Each structure stands twice: as structure tokens, then as C-alpha cells.
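Residue numbers (my numbering), protein chains in the order written: chain A, 6 to 123; chain B, 150 to 262. Below is one structure, written out as C-alpha cells, with a few remarks after it.
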Amino acid sequence: DGGITQSPKYLFRKEGQNVTLSCEQNLNHDAMYWYRQDPGQGLRLIYYSQIVNDFQKGDIAEGYSVSREKKESFPLTVTSAQKNPTAFYLCASSIDTRGGTRGLNEQFFGPGTRLTVL
Amino acid sequence: DQQVKQNSPSLSVQEGRISILNCDYTNSMFDYFLWYKKYPAEGPTFLISISSIKDKNEDGRFTVFLNKSAKHLSLHIVPSQPGDSAVYFCAASARGSQGNLIFGKGTKLSVKP
Chain A
6 DGGITQSPKY LFRKEGQNVT LSCEQNLNHD AMYWYRQDPG QGLRLIYYSQ
56 IVNDFQKGDI AEGYSVSREK KESFPLTVTS AQKNPTAFYL CASSIDTRGG
106 TRGLNEQFFG PGTRLTVL
Chain B
150 DQQVKQNSPS LSVQEGRISI LNCDYTNSMF DYFLWYKKYP AEGPTFLISI
200 SSIKDKNEDG RFTVFLNKSA KHLSLHIVPS QPGDSAVYFC AASARGSQGN
250 LIFGKGTKLS VKP
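As C-alpha cells, this is what we get:
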């Protein structure tokens, strides 16, 4: 089955610790994204990557880091510098929209990871 | 400043009736709009989209209307079913944005049997 997987579903960490959230896709999509959702809020973009070995900051990148060493994988690290890390984290992917062709392609989302800082 | 606004946090509708979810936007560069449906503790699923060259797109029970002059779009669900109960997010994308989406805060739809 093609899709996006995120693991784990629930994650707990102690304050001051870094934690890495996994995101894998087998849709052969070039673009991948990380969002966070807080109660009563929309999805806010943390980081995105249009191609392997390249990524860009989104609207709320502070306290987060990412890597894109493989097309299929886009892990997100929540560092101790993130002041309010407890949230629901969503990974998404879409067909590449580079090269001036913005493309009318929807983003496909994974099931999410609920991170709680204790 | 919110570029995509869903001013109704919640909406309650009787089964079989029409549900109308509204979305307003401020950025005139937006030219592609999407609606997503989300259940608690799950990722959003794509419902329907519309390009700014159209004013209506229909897919089964779901129809999206776009009024560019008013910078307003709406999602109509007819007839509404209890399984439609979820949070609905409006999202928009602008030219040159590399496909990045700006999301509204969502509207929670409850369809009562």
C-alpha cells in the first residue's frame, strides 16, 4: 500500500531532551512537509523539503531541525530549544512543484504523532 | 495576521440537510484552494480542491464554490451524514509558493442523526 507512515503514534519526553519523529513515504513524492497542530488552531508549517538534501524553514522553525538524506524519509527533531513542544505533529508529502510549475497537487498526510513533554 | 480564516469554529446540522462551511482569505495571490477533513488524532484527508480559474467544483456530495471578488469560498455537503462529523480545514496556495499550503483554523462539523 502506498502512503505516509509516522512513528511513534504517541511520544513522551522529559523537558530538556531532544526527540526525533519519524516520517516515511512510499508515494515517490519529491516534496515533504512537517506541520504542528495545537488545540483550536490550524496546521502551521515547520519545515519543508522539495528535494533530497535540501530543506527550507517554514513559519515556526525555531527549536526544530530536519534532514532529508533519502527521498522517502524526512525526520523531524524537536530540540530542547523548542519552548512549547507539546503538540500534534503531522508529516505530509506531495508531487514535486519545482521548476516553475507550481502544480495543483494536494498534500497527503500521515496519521500524526502526539508529543507530550513531561 | 491570518491569511485564511474560518470564522465559525463549529457547525451543527441535521442528518440529510445541507452543511455549508465557509472560508475567507486575504491574499490575492492565492490561486488554488483545498478542503481537508480531519478526525481526532488522525492526519487530514484531502476532500476537494478548486483552481482560481473556476468558480465551482463538484465531487459527489461535496461541492466547493469560489467567489474571487469576495475572496470567499465555501464547501457544501449534501446530504449530510453522521460520518461527515469531523473538523474541516480550508487551505490555500499562492503562485510561487512551491506548493506550500496556508491553513485556516478549522470548523468542527457535527451531523446529528
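Even for Gly, the Cβ is constructed at its ideal location relative to N, Cα and C. Given the structure is predicted, the values throughout are model-derived calculations rather than measurements.
When the beta-carbon positions are compared, A/T91 and A/Y15 stay at least 9 Å from each other. Residue nearest to B/C239 within the set A/Q112, A/T82, A/S85 and A/S99 is A/Q112 (criterion: CA-CA distance). With a contact defined as Cβ atoms closer than 8 Å, B/I169 and B/S223 qualify at about 6 Å.
The beta-carbon separation of B/Y237 and B/G255, rounded to 6 Å, stays under the 8 Å limit for a contact. A direct Cα-Cα distance of roughly 44 Å separates A/A86 from B/Q230. Beta-bridge partners of B/A190 (DSSP): none assigned. At a cut-off of 9 Å between C-beta atoms, A/S85 does not count as an interface residue with respect to chain B. Taking B/Q155 as reference, the option from B/H221, B/K203, B/V162 and B/F214 with the minimal CA-CA separation is B/H221.
Shown in chain order are the members of the stretch 30 to 52 of chain A whose Cβ falls below 9 Å from a Cβ of chain B: A36, Y38, Y40, Q42, G45, Q46, G47, L48, R49 and L50. Close CB contacts of A/T10 within its chain, under the 7 Å cut and outside five residues either way in sequence, are with E29 and G115 (chain order).
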